[in-house]
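Positions in the sequence shown are counted from 1; adding 8 to them yields the working numbering.
Just so it is clear, CB atoms sit at the ideal spot from N, CA and C, and this is done for glycine as well.
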Amino acid sequence: MSESLVKKAHQRLFFLRSLKKHHLSSDILVNFYRCTIKSILTSCVTVWYGNCSASDRKALQKVVKTAQRIAGASLPSIEDIYRRRCHRRAKKVTKDSCHPAHGLFTLMPSGKCYRSLRTKTTRFRNSFFPTAVSLLNSNPSHFTSLQAQ
Numbered sequence: 009m010s011e012s013l014v015k016k017a018h019q020r021l022f023f024l025r026s027l028k029k030h031h032l033s034s035d036i037l038v039n040f041y042r043c044t045i046k047s048i049l050t051s052c053v054t055v056w057y058g059n060c061s062a063s064d065r066k067a068l069q070k071v072v073k074t075a076q077r078i079a080g081a082s083l084p085s086i087e088d089i090y091r092r093r094c095h096r097r098a099k100k101v102t103k104d105s106c107h108p109a110h111g112l113f114t115l116m117p118s119g120k121c122y123r124s125l126r127t128k129t130t131r132f133r134n135s136f137f138p139t140a141v142s143l144l145n146s147n148p149s150h151f152t153s154l155q156a157q
C-alpha cells in the first residue's frame, strides 16, 4: 500500500520542483503540496497508518521532508496528521450516539477517561479504535467539554 503511495508522491514532487524552478512563492508551493502530495499521502490515513512498518513510515516521512525542503516552509509530519485526524474522528464518534462504533467508547465510572479496549494482537492494538481511545484519554480538554454538555 505505502509503496504505491510513495511512488505517486514522488511523481508529484517532480511538479513541485518544476514550480520551484519558475520562482513561485513559498505559499503557492505549500498550497500545491497540500492539494496534490499531502492528499495522496493522507488518504484514509486513520485506517492504514497504525499498522505500517517502520520502513514504510520512514519512506512516507522522507517524501514530506523533501517537499518541505523544496517549498522552503515547515510542513506537519505524517505522524502528526495521523494523530490529529484520529483524535478528530474519535471525537465525532463519541458525540454521535447513532454511530455503529459509539459503544466502543465507554466512559469509566469517574467520567474522566474512556475504558481501554482489550487487545490480544499487535495488529488490533495499532488499529484505529485502541489508538483513538488512548488519544482521547491523553487529551483532558475533551472531558471538560463533555461535562459542559
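How do the region 60-79 and the region 11-27 stand: do at least 3 beta-carbon pairs fall below 8 Å, yes or no? Yes: at least three Cβ pairs fall under 8 Å.
Excluding the five sequence neighbours on either side, which residues of its own chain have a C-beta within less than 6 Å of the C-beta of R42, listed in chain order? none
Cβ-based neighbour list, L143, same chain, cut-off 7 Å, excluding 5 preceding and 5 following: R91, C94, H95, A98
Could you check the C-alpha separation between K28 and C121 for me, to the nearest Å? When rounded, the distance between both Cα atoms is 47 Å.
Rounded to the nearest angstrom, what separates L49 and L83 at their Cα positions? A straight line joining the alpha-carbon of L49 with that of L83 spans about 13 Å.
Who are the near neighbours of T127 in its chain, counting only those whose CB is closer than 6 Å to its CB and skipping five residues on each side? R133, P138
Backbone secondary structure at L21 - three-state DSSP: Helix.
Runs of 4 residues minimum, wholly inside the region 58-114: which ones carry the alpha helix (DSSP H) assignment? 62-79, 86-103
Apart from the five residues just before and just after D64, which ones in its own chain have a Cβ nearer than 6 Å to its Cβ? Cβ contact annotation for D64 (same chain, cutoff 6 Å, sequence separation greater than five): S10, in chain order.
Among the candidates T130, L125, S51, E87, whose CA atom is the shortest distance from the CA of S12? S51
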